[in-house]
Amino acid sequence: MDLQRANSWKRIAAWILDLMLLCVLAVGTAYGVSVITGYDAYDQKLQAAYDHYEEQYGVTFDVDQATYEAMTQEEKANYDAAYDALIADEEAMYSYNMLVNLSMLMTTLGILVATLVLEFAVPLVLKNGQTIGKKCFSLGVMRIDGVKISPLQLFARTLLGKFTIETMVPVFIVMMILWGSMGITGTVVLLALLVVQVICVAVGGNRAAIHDRLAGTVVVDISSQKIFETADERIAYINRIQEEKAKKQDY
77 MDLQRANSWK RIAAWILDLM LLCVLAVGTA YGVSVITGYD AYDQKLQAAY DHYEEQYGVT
137 FDVDQATYEA MTQEEKANYD AAYDALIADE EAMYSYNMLV NLSMLMTTLG ILVATLVLEF
197 AVPLVLKNGQ TIGKKCFSLG VMRIDGVKIS PLQLFARTLL GKFTIETMVP VFIVMMILWG
257 SMGITGTVVL LALLVVQVIC VAVGGNRAAI HDRLAGTVVV DISSQKIFET ADERIAYINR
317 IQEEKAKKQD Y
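Mapping the sequence shown onto the working numbering, position 209 (from 1) lands on 285, and the numbers just tick up by one.
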């Protein structure tokens with residue numbers, strides 16, 4: 077029985093729609109977490125500390141390396157003194173650390189909730205691994221042997237593949253790069269992950285991404301692909317087809 081693989085353009089369109097919905101839900105969840113944890117209060121305290129030391133020392137903290145190197149010795153001395161005073165301010169550093177930790181928490185919970193809702197809960201309701209995007213474009217997810225995907229496989233596909241490897245690993249690396257705690261290593265890891273994803277999609281007949289390869293699943297055109305409830309049902313169907321072909325050959 078031929079596998080009716082999903083058309084690439086339909087997969088891309090479904091992915092874009094799902095991504096937009098995921099971003100909306102993730103941002104909404106992150107905002108809710110920020111309100112509960114008092115993120116804005118810590119941000120205001122840190123900004124007040126910045127303003128205080130900038131005014132006291134007559135400097136601006138928001139400068140790049142090139143601007144700093146172009147300063148006179150006196151300007152550098154003032155900047156360094158202001159920076160040291162800021163670092164020594166325990167309340168300001170506490171606010172900074174809370175902002176970093178809460179940013180990680182908001183990002184993680186926002187994406188986790190959105191992913192579990194749209195990539196796990198919704199497909200359980202719509203059946204056959206269909207997200208809202210896949211439903212709109214008549215796509216579905218099944219095991220590579222043609223059997224209906226199980227809740228456990230769907231959970232592994234969602235949490236391990238999509239959330240952990242394909243989303244949170246890149247997100248955390250990008251955040252660490254922006255905070256200056258990871259340099260070229262982070263860029264190399266991101267490129268390596270991208271290369272692995274491209275190879276997974278390009279190599280092999282199923283054109284399966286990392287999350288599908290981990291779960292042993294494939295995206296198919298549900299309008300033309302028969303999905304069996306169990307492996308026994310699939311075997312019985314194949315045997316019946318073979319028997320019918322054999323009878324026709326006898327004539």
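The beta-carbon is built from N, C-alpha and C at its ideal position, and this holds for glycine as well.
With a threshold of 8 Å on Cβ separation, who are the neighbours of residue i within its own chain once the five nearest residues in sequence on each side are excluded?
| i | result |
| --- | --- |
| M252 | M258 and G262 |
| P246 | L266 and L269 |
| N154 | Y133, G134 and V135 |
| A157 | Y133 |
| S110 | D116, L178 and M182 |
Please state whether the Cβ-Cβ distance between residue i and residue j is less than 9 Å.
| i | j | result |
| --- | --- | --- |
| V279 | V217 | no |
| G205 | I225 | yes |
| Y118 | M174 | yes |
| E242 | Q273 | yes |
| K86 | F213 | yes |
| V198 | T207 | yes |
| L266 | V277 | no |
| A291 | L236 | yes |
| Y126 | A161 | no |
| D288 | L215 | no |
| A89 | G209 | yes |
| T293 | Q229 | yes |
| S84 | L122 | no |
| M227 | L188 | Before going further, note that residue 227 is Pro rather than Met in the sequence given. No. Outside cutoff. |
| V139 | W255 | no |
| L98 | A232 | no |
Which two residues bound the contiguous beta strand (DSSP E) that contains residue i?
| i | result |
| --- | --- |
| T293 | T293 to D297 |
| M218 | L215 to R219 |
Assign residue i to one of three DSSP states: helix, strand, or coil.
| i | result |
| --- | --- |
| F137 | coil |
| R283 | coil |
| K224 | strand |
Just to confirm the assignment, what range does the alpha helix (DSSP H) spanning residue i have?
| i | result |
| --- | --- |
| E150 | Q149 to A164 |
| M96 | S84 to T113 |
| V245 | V245 to L254 |
| N197 | Position check: residue 197 holds Ala in this sequence, whereas Asn was assumed. Where A197 is concerned, there is no enclosing alpha helix (DSSP H), given that its DSSP letter is neither H nor E. |
| Q301 | Looking at the DSSP string, Q301 is not in any alpha helix (DSSP H), and its letter there is neither H nor E. |
| T263 | I260 to A278 |
| I208 | I208 to C212 |
Looking only at its own chain, which residues have a Cβ that is under 6 Å from the Cβ of residue i, when we skip the five neighbours before and after it?
| i | result |
| --- | --- |
| G222 | F304 and R310 |
| G186 | A102, T105 and A106 |
| Y115 | L178 |
| S299 | S214 |
Counting only C-beta atoms, is residue i closer than 9 Å to chain D at any point?
| i | result |
| --- | --- |
| F248 | Although the question refers to chain D, the structure presented lacks it and comprises just one protein chain. |
Say yes only if the C-beta of residue i is nearer than 8 Å to one or more non-hydrogen atoms of the ligand ATP, and no if none qualify.
| i | result |
| --- | --- |
| F196 | Ligands displayed in this structure: none; no statement on the ligand ATP is therefore possible. |
Practice task
Determine contact between the segment 177-189 and the segment 131-144, defined as no fewer than three beta-carbon pairs at a distance below 8 Å.
Solution key: Touching, no, given that fewer than three Cβ pairs across the two stretches are closer than 8 Å.
Problem - Segment contact flag, the segment 189-209 with the segment 93-102, C-beta cutoff 8 Å, min 3 pairs - result: Cβ pair count under 8 Å is three or more, so yes.
Handout entry: the segment 140-149 in contact with the segment 101-118 per 3-pair CB rule at 8 Å
Key = The answer is no - the segment 101-118 does not touch the segment 140-149, with fewer than three Cβ pairs under 8 Å.
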